[in-house]
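In the numbering used here, the protein residues as written are 155 to 513.
The beta carbon of each residue, even a glycine, is placed where N, CA and C say it ideally should be.
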Ligand code: SAH
């Protein structure tokens, strides 16, 4: 039994079954026994691998995209450059190297990282030391003013609620204990209140349908929308997910690069859910942002010039490096893999141009 499972069992005996969101928050962030606070989950030795860890071209193209957008948007200064969930700091490292080709960009930015994990903060601080990063716990602690924001594989880590369609209404899916103290899924009563949180297009789904909603993502979208109406800025969010809203469940656990049961090893496995980009876009739009996309990651990176960047880097590389560069880019663009599963969503202040890649 994991340490967190014992802790959760005790909590459930005391408070009753938990919502899936409360379970996910504890599994990922419990300070003593949660998944993120105690480890670096990324890379071969960890549990999963992400686009910036696969190819430097990912961070470079995103850096060029946002720095060039900043230039076209009238070079608002000073500007907060923020990343949500920067992992090992790889994306931002590649971003800033590429963005240095836009004159004045480096001098205009202050770098802020929104990161929950102390272990990853240390890694980011070392990787990005030359840029003097500052750390905050939450997006709403970022300083006021113009904003450029990027997030890759961040929204999928936010706790989701799961709701199940029952005879007349929807019911909250819960995590409780069986007679032998094992964690099991259950559900609460069907209520009109639960029905109200379901995207309207899905409300009449057949009995037994599970829908996921992400209140934390909606709050971030709303915050960004509001900020972008008051100050010039742009945000770029890349993740695996879907648009339009669709039924789930998509919540999944991954440990050492393999799928495992969601309730099996709480605190020892990564938990994530596919992102409902339609819901995120709607919340950002309702708060005032202009929404661009979502577009498929493969098309997005291709439109930003992935092939040209690859050719340029390959020209100076030895055959082994060239092979690695080519296979990395191929993996990010693959329509049968990351290229179509991952999507990019752009948000800007109303009236400002779309970032490149969203034509
Ligand atoms: N963007 C990186 C890492 C993705 S993993 C990459 O693409 O490689 C998810 C990241 O989000 C980790 O850095 C994790 O610690 C962070 N994270 C997850 N939930 C968070 C939260 N609620 N607040 C702040 N950071 C969070």
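Cα atoms of residue 354 and residue 209: separation of roughly 39 Å, rounded to the nearest angstrom.
Cβ contact annotation for residue 232 (same chain, cutoff 8 Å, sequence separation greater than five): 262, 263, 264, 299 and 300, in chain order. CA-CA distance, residue 291 to residue 270, rounds to 6 Å.
Distances between the C-beta of residue 306 and the heavy atoms of ligand 1 include at least one below 6 Å.
As the crow flies, the alpha-carbon of residue 171 is around 48 Å from that of residue 253. Sequence-distant Cβ neighbours of residue 173 in its own chain, meaning closer than 7 Å and more than five residues away, are 315, 326 and 328. Counting C-beta pairs with one atom in each stretch, the stretch 391–409 and the stretch 458–471 have fewer than three that are closer than 8 Å, which means they do not touch. The residue among 235, 187 and 446 with its C-alpha nearest the C-alpha of residue 502 is 446. For residue 255, DSSP assigns no beta-bridge partner whatsoever.
By the neighbour-count definition (other C-beta atoms within 10 Å, threshold 16), residue 350 is an exposed residue.
A straight line joining the alpha-carbon of residue 294 with that of residue 377 spans about 7 Å.
Listed as beta-bridge partners of residue 442 by DSSP are no residues whatsoever.
If you draw a straight line from the Cα of residue 279 to the Cα of residue 241, it is about 11 Å long. Distance from the CA of residue 211 to the CA of residue 158, rounded to the nearest whole angstrom, comes to 38 Å.
By the 16-neighbour rule on beta-carbons within 10 angstroms, residue 204 is buried.
For residue 214, the Cβ stays outside the 6 Å cut-off from all heavy atoms of ligand 1. The way I'd put it, the stretch 215–234 doesn't touch the stretch 190–201; fewer than three beta-carbon pairs between them come closer than 8 Å. Contact between the stretch 360–371 and the stretch 281–290 is absent: fewer than three C-beta pairs spanning the two stretches fall below 8 Å. Exclusion of residue 402 from the 6 Å shell around ligand 1 follows from its C-beta lying no nearer than that to any non-hydrogen atom of the ligand. For residue 405, there is no enclosing beta strand (DSSP E), since its DSSP letter is neither H nor E. Residue 156 places its beta carbon less than 7 Å from that of residue 421. Between residue 442 and residue 379, the C-beta gap is smaller than 7 Å, which places the two residues in contact. The continuous beta strand (DSSP E) containing residue 392 extends over residues 387–396. Pairing residue 249 with residue 218, the inter-Cα distance amounts to about 7 Å. Closest in C-alpha terms to residue 234, from the list 437, 387 and 410, comes 387. With distances taken between CA atoms, residue 267 lies nearest to 277 out of 258, 277 and 436.
Taken atom to atom, the span from the alpha-carbon of residue 339 to that of residue 373 is near 26 Å. Secondary structure in the stretch 227–301: the alpha helix (DSSP H) runs of 4 residues or longer, each lying completely within the stretch, are 244–253, 259–262 and 272–281 in chain order.
Around residue 346, the same chain offers 323 as residues with beta carbons nearer than 8 Å, after the five sequence neighbours per side are excluded. Taking 6 Å as the cut-off, one finds at least one heavy atom of ligand 1 near enough to the beta carbon of residue 270. Residue 309 holds the alpha-carbon nearest to the alpha-carbon of residue 237 among 417, 317, 471 and 309. Going by beta carbons, residue 407 and residue 423 fall inside the 7 Å limit.
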